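Position one of the sequence shown corresponds to residue 866 (my numbering), numbered consecutively onward. A quick write-up on the structure given underneath.
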Amino acid sequence: MHLASRPGELVTTEELLDAVWRDTTVTAELPGVSIRELRRALGDDRKKPRYIETVPCRGYRFIAPLRSDPVPPAADSTPSARPAAVLVRTPFVGREHELTELNAAFAAVRSGSRKVVFVAGEASIGKSSLLETFLLRLRERPSRPFLLGRGQCIAQQSEAYLGLLDAVAGLC
């Protein structure tokens, strides 16, 4: 989305890291990995790009024509004024058992029990979608305020507790 909001402009790797993963501990390789995943999903070719052009050692450029103008940035686009995460409602099928388990853990926490929930599994099986759906449903029902720490871990990282450290850093 960040690239598409700046069509034709060079977006450096550092800028992508700051814009997309600002409050998350990640490796410098993550933008490249994400661009490869986007290309795979779009059927794009790095050598003959239709959507995302790589500018070697500098960054990336969104080159596909857009049907409408990009949304202009908000008047106050300082990091503290931007939301930490944007949750988008997408179709969600299945995983009701997992949602029930997350709801039960949340209810236990609300009644005073301490809980830590880990959502783990292979890449691309829907862990992020599951959590986003759970959080959207929480926000749709009235409840007392709560703090929620959310971290992620990347398989290439050598730090065993990166996900936990990421969640604690987000709460701090």
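For every residue, glycine included, the Cβ atom is placed at its ideal position computed from N, Cα and C. The structure presented is a predicted model; accordingly, all values stated were derived computationally and were not measured.
If I measure Cβ to Cβ from residue i and keep anything under 6 Å in the same chain, skipping five residues before and after, which residues do I get?
{"i": "E918", "result": "R926 and I928"}
{"i": "T890", "result": "D1031"}
{"i": "L995", "result": "R960 and E963"}
{"i": "A906", "result": "none"}
{"i": "L881", "result": "P896"}
{"i": "Y1026", "result": "none"}
Looking at the strands, I want to know which residues DSSP matches up with residue i.
{"i": "V920", "result": "G924"}
{"i": "V876", "result": "Y925"}
How would you call residue i, buried or exposed, if buried means at least 16 neighbouring beta carbons within 10 angstroms?
{"i": "L967", "result": "buried"}
{"i": "G908", "result": "exposed"}
{"i": "T998", "result": "buried"}
{"i": "P1069", "result": "This structure leaves residue 1069 out entirely; the chain is present only between 866 and 1037."}
{"i": "P937", "result": "Model confidence at P937 stands at a pLDDT of 47, short of 50, so the residue's coordinates are unreliable; what they give is reported in the following sentence. Classification of P937: exposed, given that the 10 Å Cβ count is below 16."}
{"i": "G1028", "result": "buried"}
{"i": "I900", "result": "buried"}
What whole-angstrom Cβ distance do residue i and residue j have, given they're in contact under 8 Å?
{"i": "G924", "j": "T892", "result": "Actually they do not touch by this definition, with Cβ atoms about 16 Å apart."}
{"i": "L931", "j": "A869", "result": "7 Å"}
{"i": "A988", "j": "K980", "result": "Contact flag wrong, Cβ pair sits at about 25 Å."}
{"i": "V984", "j": "A970", "result": "Not really, about 11 Å apart at Cβ, beyond 8 Å."}
What residues in its chain sit with their C-beta under 8 Å from that of residue i, if we drop five residues either side in the sequence?
{"i": "V1033", "result": "G1014 and G1016"}
{"i": "W886", "result": "L895"}
{"i": "G873", "result": "R926, F927 and I928"}
Beta-carbon within less than 7 Å of residue i's beta-carbon, same chain only, minus the 5 sequence neighbours each way: which residues are those?
{"i": "R911", "result": "R904 and T919"}
{"i": "F1011", "result": "none"}
{"i": "L1036", "result": "L1012 and G1014"}
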